[in-house]
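To start, the structure itself, in structure tokens.
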Amino acid sequence: MLKTGTTITRRGLGAILAAGLLATGLAACGNSDTGSDGGDDGKIVLGFSQIGAESGWRTANTNSIKESAAAAGIELKFDDAQGKQENQIKAIRNFIQQKVDVIAFSPIKESGWDTVLKEAKDAKIPVILTDRAVDSADKSLYKSFLGSDFVKEGRLAGEWLVEQKKTATGPVNIVELQGTTGSAPAIDRKEGFATAIAANPNLKIVASQSGDFTRAGGKQVMEQFLKANPKIDVLFAHNDDMGLGALEAITAAGKVPGKDITIITIDAVKDGMQALADGKFNFIAECSPLLGDQLMDLVKKVKAGEEVPARVETQEGTFTQEQAKAALPTRKY
Amino acid sequence: MSTVKARLAPVTGHRLFWPLVVLVVLLAANTVYRPSFLSVELKNGQLYGSLIDIVRLSAPLILVALGMSLVIATGGIDLSVGSVAAVSGAIACLYISEQPDQNSLGAVLTALAIAFGIALLLGAWNGILVAGIGIQPIIATLILMVAGRGLAQLITSGQIITINSEPYKTIGVGHLLTLPFAIIIALAVTLLVAVLTRRTALGMIIEAVGGNAEASRLAGIRSRRITLLVYVVSAACAAIAGFMMTANVSSADGNAVGLWVELDAILAVVIGGTSLAGGRFYLSGTIVGALIIQTLTTSVYAMNIDPQTTLLFKAVVVIAVCLIQAPAFRARFRRRQAPTAPPAAPVEKQKEQVPA
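If you read the sequences in order, they're chains A and B.
Okay, so the first sequence: first residue is 1 according to UniProt numbering, each after it adds one.
Okay, so the second sequence: first residue is 1 according to UniProt numbering, each after it adds one.
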């Protein structure tokens, strides 16, 4: 209060700059787990920017990429963006500066990538998208998109529900827990599910909110859904974690998950599979994170200048309660 | 007419008047949308209803904002609270997950003690950077905000640690005398802080340090020690909030626990009437601020506002709160209306408002 405005601003500015440097420094320290600047020994260098470690799914994805890179003899520069798009853009710029051979990343959001992808293209570094797509109109900005078909996942979930409820005569009230607003899986899974359930006019989504792909988010939203809608027949959650959070809200409301409320989720991580095997979930459409081997194949082909398909799908299936019991013991993530 | 206004002046002029009006308006809007919003029923010996949800879910934010109020009162700011919450929650869950019997009360208490102790160290680290070395608070705590998030991920190995411990779960979702346990903890901590700061000279000393650290030092206050203390208290509050957040879902997610809670806490403090310039703090205002923020979040879900417009909705409400809280804005608004009033009235009114 007693300090003059100008000193504060000047000092503050310097301090913020220092903090920026510091943050970058810290990020850089965290990334250097793969060692040398590489490239000289003829090894392919892959720069990979991961969204973060927001779920067990993501961790399995990270591990798969790291293991496959080591097995394929590809030098991996791994960056964890901690859930922030600006960190991912920064990481991609770093990769361009370090002149890596191939850049791969899982875009946290669909939009806002054109500039940095253009920079990579100008530097003649091929880019492969994994797991999530971008909405760039210029498809030449990246070589290939390797990942799950989120629309299909949503559709598989919806089709199962249509099959289950085909004898239903009255309305079936569905509540939906969406993923992070604006993210590709949230948009596509919502779309796929909505398309599939349109086959039966009895199936109606009565409420749909974002639970941010987290357990706490899923729980908090479900608590209000349960109070606002006296009759909920089905819960469709865009990932296992939100479904797991919602389980607690459902139990607290005195209802039995899996019986009073049919629960459908997507992902099939271990905790989700456990809930499915225990009869608390009813159906999971898989979204496999184990795309490391397919990614390394693509990297080698792109580096060798071979043509690669613009869209490569990861292989995945669906699980019912019985299938979950059988698959659980060998589940890797 | 003017006598009614004059009589109402102490009420409408009170710091908490406008925040409380906003809170009531939010609750009223919900009630209009769904009349049963305010209804609270007894389910399995526990109170159950949207109101109870708001109170329970705002408990962690109240705690974090309490600590933040004290830090801001010294003219500082603590950006690391979210990360501290994540670290303490992660440590507690990790320790419990490694016990053979996760339901053992002893193990849970040990876990809480270890995590709480480490949080105090983290708070002391902030305090030393600010008070000892003299780094600007926003920068000093930014270090731990960034590094602490990484630390939390390191502790959880990037995984979500799921635990199955009834005693630990109680912190987040348990009930005592039909009330959520979390809010009882939050109220207890609030009372403790209120008594310590307002029934002793401590609160005034903190405000003195915030007003002018050098002058207060010359007046005989160990201002550095006080600054160190508020950062430790802030970390302690954040740690308890971290326990609540992880206990709420019986799992520790290094990435999501307490994410952006520092911003919500600063907002709660500001809505409550505490100036970021330091020198004053209002605990009751902070609590109302925290309740407004949680009510806003719950309203979005309860009224099923389209997720695409959620942020806009929140922004509009927050801007409205901040504007009507600002004396300058209110004064301008009053002046516009002044022509209808007799010329002497505005002067008279302002005079009356000074003591209020």
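For each residue, glycine too, the CB sits at the ideal point set by N, CA and C.
Item                                                                                                                               : Value
Length of the line joining the Cα atoms of aspartate 101 of chain B and phenylalanine 243 of chain B                               : 19 angstroms
Bridge partner(s) assigned by DSSP for glycine 203 of chain B                                                                      : Glycine 203 of chain B pairs with nothing; no bridge assigned.
Of the listed residues A/Val116, A/Leu247, A/Val269 and A/Pro289, nearest to leucine 177 of chain A (C-alpha basis)                : A/Leu247
Run of the alpha helix (DSSP H) containing phenylalanine 193 of chain A, from where it starts to where it stops                    : 184–197
Serine 144 of chain A versus proline 201 of chain A: straight-line alpha-carbon distance, rounded                                  : 38 angstroms
Complete alpha helix (DSSP H) runs within the region 212–275 of chain B (minimum length 4 residues, chain order)                   : 213–218, 223–249 and 261–271
Arginine 215 of chain A versus A/Asn61, A/Arg155, A/Glu163 and A/Asp271, residue with shortest Cα-Cα distance                      : A/Asp271
Segment contact flag, the region 277–289 of chain A with the region 105–124 of chain A, C-beta cutoff 8 angstroms, min 3 pairs     : no
Three-state class that DSSP yields for isoleucine 52 of chain B in the structure shown                                             : helix
First through last residue of the beta strand (DSSP E) which encompasses aspartate 267 of chain A                                  : 262–267
For proline 137 of chain B, the three-state DSSP class (helix, strand or coil)                                                     : helix
Test: serine 111 of chain A CB closer than 7 angstroms to a CB of chain B                                                          : no
Within-7 angstroms CB hit, arginine 189 of chain A to chain B                                                                      : no
Amino acids of chain A, ordered along the chain, whose beta-carbon sits closer than 7 angstroms to that of aspartate 57 of chain B : Checking the sequence, you will find leucine at residue 57 of chain B rather than aspartate. Near leucine 57 of chain B (Cβ distances below 7 angstroms), the residues of chain A are Gln220.
For asparagine 173 of chain A, the first and last residue of its enclosing beta strand (DSSP E)                                    : 172–178
Straight-line Cα distance separating valine 257 of chain B from threonine 200 of chain B                                           : 34 angstroms
Exposure of glutamine 315 of chain A, with buried meaning 16 or more beta-carbon neighbours within 10 Å                            : exposed
Residue environment, glutamine 294 of chain B, which counts as buried when at least 16 other CB atoms sit within 10 Å              : buried
Glycine 147 of chain A - DSSP class collapsed to helix/strand/coil                                                                 : strand
Proximity winner among A/Asp114, A/Ser106, A/His238 and A/Met296, relative to glycine 73 of chain A (alpha-carbon distances)       : A/Met296
Any C-beta of chain A under 7 angstroms from that of serine 39 of chain B                                                          : no
Supposed close pair asparagine 255 of chain B, glutamine 153 of chain B - CB separation, criterion 8 angstroms                     : 7 angstroms
Nearest to leucine 57 of chain B (by Cα), restricted to the options B/Ala147, B/Asp264, B/Val232 and B/Val317                      : B/Asp264
Straight-line gap, alanine 326 of chain A to valine 130 of chain B (C-alpha atoms, nearest Å)                                      : 56 angstroms
Segment contact flag, the region 185–204 of chain B with the region 75–87 of chain B, C-beta cutoff 8 angstroms, min 3 pairs       : no
Alanine 237 of chain A - containing beta strand (DSSP E), residue span                                                             : 234–237
Euclidean distance between Cα positions of isoleucine 187 of chain A and glutamine 323 of chain A                                  : 28 angstroms
7 angstroms Cβ cut-off: residues of chain A touching arginine 34 of chain B                                                        : Ala228
is_contact[proline 180 of chain B, chain A] using C-beta, thresh 7 angstroms                                                       : no
Phenylalanine 281 of chain B, buried or exposed, once every other Cβ within 10 Å from all chains shown has been counted against 16 : buried
C-alpha gap between alanine 91 of chain A and alanine 120 of chain A, whole angstroms                                              : 12 angstroms
CB contact below 7 angstroms: glutamine 224 of chain A versus chain B                                                              : yes
Interface residues of chain B facing arginine 331 of chain A [CB-CB closer than 9 angstroms]                                       : Result: empty, since nearest Cβ-Cβ is about 14 angstroms, beyond 9 angstroms.
Near-chain B residues of the region 189–220 of chain A (beta-carbon distance less than 7 angstroms), N- to C-terminal order        : Ala207, Gln209, Ser210, Thr214, Arg215, Ala216, Lys219 and Gln220
Candidates B/Ala186, B/Asn44 and B/Gly49: closest to leucine 27 of chain B by CA position                                          : B/Gly49
Neighbour list for glutamine 102 of chain B in chain A, Cβ cutoff strictly below 8 angstroms                                       : Near glutamine 102 of chain B there are no residues of chain A at all, since even the closest Cβ is about 15 angstroms away, more than 8 angstroms.
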